[in-house]
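Here our numbering is used: the first residue of the sequence shown is 420, the next is one more, and so on.
Glycine residues also receive a C-beta, built at the ideal position from the N, C-alpha and C atoms.
Everything on this sheet refers to the single structure shown next.
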Amino acid sequence: MLLGGLATTPLLGACASGDDGPAEPESTASADPPVPQRIAYGGHPDQFGELTVPEDRPLPRGIVVVVHGGFWGAGSDLGLMRPAAAALVAAGFATWNIEYRRLDAGGGWTATFDDVAMAADHLSTLGSTRFDLRKVYALGHSAGGHLAAWLATRPGQQSGDPGADPVVQLAGVVPLAGVLDLAAASALGDRAVDALVGGTPRSAPQRYAVASPIRRLPLGVPSVCVHGTADETVPLAQSETFVAEATAAGDRSELVRVEGADHLQLIDVAHPGWAAGLRALEGLAGG
């Protein structure tokens, strides 16, 4: 999706991996996970999610809004993140794996943003006895990493902007190879970004100010950005720059570099790239 060189900045935070990669977490997947429950959060066919709650816990460790990537486009769907969602459930989290209107299928500005916000807020209707709404996290991959981080910006959005006045607020976010600076991505020739926002940074600057997580700092909640050093799709600089600027703005933000991992290995539940993301989320949730 993106091209360009990789920036080199020091690792931030205790979660950064060493040369040998992150250690495997205690739980990564379930052989027989609970069956996801499909729930509509709106009237459009793409406004739905799959809710899965661990069966062996009276209260999950938290609930994770899981957001798939795929250039924000209609060629990908939430099936991309089903293995990751199952691994999170096996680790004791409830998951809300969401679908949304995508480019070439009714999405873009502002529909994609409206849907992701609606999906997150829909958790408030699903019963507070099933999980603690004070422990809602977002985890997304690639374009989904952008949307997951954008969810964390909602409390700071102005009335009338997409996502303003959230009912459910995040306690933390884990972008996996996230597109966190939309203007930088657009400058590298990413037409999907321009299609999502409905313009370029020059023609639609206010939209980029609303839609780009790096423009909304500080988030006010912790973030852990996980990125592979061999990612040729989304430059590592996206995560490095975001973490540096988030930290400078007063957020608790950490970078986990997964040595040798490419873009898709971060959602391969058999790969250390996924293990790094799970460990990051577990750290946000208190171990």
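- For F467, the uninterrupted beta strand (DSSP E) segment begins and ends at F467 to T471.
- Rounded to whole angstroms, the separation of the alpha carbons of A699 and P585 is 24 Å.
- Cβ-Cβ separation between G563 and F512: approximately 17 Å, too far for a contact (criterion under 8 Å).
- Only buried fits T514, as 16 or more other CB atoms lie within 10 angstroms of its CB.
- Residue range V555 to H560 is occupied by the beta strand (DSSP E) that includes L558.
- Under DSSP, E673 shares a beta bridge with V643.
- Comparing alpha-carbon positions, the option among H646, R621, D681 and V616 lying closest to A530 turns out to be V616.
- When the alpha-carbon of S561 is set against those of A596, A680, D540 and D613, the nearest one is in A596.
- Residue pairing for A513: DSSP places it in a beta bridge opposite I482.
- The alpha carbon of S605 has as its nearest neighbour, out of P654, D650 and R457, the alpha carbon of P654.
- Under DSSP, R457 shares a beta bridge with E469.
- Taking the CA atoms as reference points, E678 sits about 14 Å from C644.
- Shortest Cα-Cα distance from L570 to any of L545, F550, P455 and D540 involves D540.
- By the Cβ neighbour-count rule, R553 is exposed, with fewer than 16 other Cβ atoms within 10 Å of its own.
- Straight across, the Cα-Cα distance linking G488 with Q657 is about 15 Å.
- Put simply, the segment 514 to 524 touches the segment 471 to 485. At least three CB pairs are less than 8 Å apart.
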